[in-house]
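In terms of our numbering, the sequence shown opens at residue 8 and continues consecutively. We put the CB at the ideal spot given by N, CA and C, even for glycine. So the structure is just underneath, and the comments pick up after that.
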Amino acid sequence: MSVPAPLVSAAELNARLRDLFGADMHGLTSDMVSELEYGMVLTTMEVSTKQLRPGKIISGPTVFAACDAALFYACLSVYGFDMMMLTSDMQIRFLRPAKGTRLHARGRILSIGSKLITGQVVAFTDDESKPVAVAQGSCVPPKKNTDS
């Protein structure tokens with residue numbers, strides 16, 4: 008069984024986010040999508056000194072924001088580009104201190120329903136086999152207009 012192509016490409020998504028939000032979206036850069044497949048995204052975030060806690064640990068809110076963005080982008084890969092997609096819920100478990108200046112988040116879609124798209128995100132710094140956080144959440148896709 009072949010995997011369908013994503014409904015939006017990484018380049019298109021980065022360009023549209025840049026058009027909508029400019030170069031800096033509160034620390035989430037508009038060029039953060041480095042890989043995008045149907046149901047999977049890898050984001051890379053360059054962390055600023057404002058996002059670091061003492062000890063050069065990436066702050067929890069920064070890790071959460073990266074996970075939320077990765078879930079949103081993964082949902083767009085299966086639904087298409089629609090900024091009315093909303094995060095419904097997200098739970099996160101912080102596993103170890105996130106040390107570094109680059110934060111990655113790999114989001115995968117687990118379930119596509121008519122009312123919710125559910126996914127999981129693994130955040131890591133240098134080594135994907137040593138995650139700093141794992142998040143799971145759902146997005147609500149907008150209702151498609153069926154009027155013709």
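For the pair Leu59 and Gly126, the CB atoms are not nearer than the 7 Å cut-off. In this structure, Gly144 is the residue among Gly144, Ala72 and Ala18 with its C-alpha nearest to the C-alpha of Leu117.
Annotation for Glu135: no beta strand (DSSP E) segment contains it, and DSSP assigns it neither H nor E. Burial is judged here by how many other beta carbons sit within 10 angstroms of a residue's own beta carbon; Pro104 has fewer than 16 and is exposed. Going by DSSP, Thr125 is part of the beta strand (DSSP E) stretching over Ile124 to Phe131. Listed in chain order, the non-local C-beta contacts of Arg23 below 7 Å within the same chain comprise Phe88, local neighbours out to five positions each way being set aside.
Ranked by Cα distance from Pro61, the options His111, Gly107 and Val85 are led by Gly107. The Cβ atoms of Pro11 and Tyr45 sit closer than 7 Å to each other. In this structure, DSSP gives Lys57 a helical state, which the three-state scheme calls helix.
For Thr69, no beta strand (DSSP E) run applies; the uninterrupted alpha helix (DSSP H) run containing it begins and ends at Gly67 to Tyr86, by DSSP. Annotated three-state conformation of Arg100 is strand, per DSSP.
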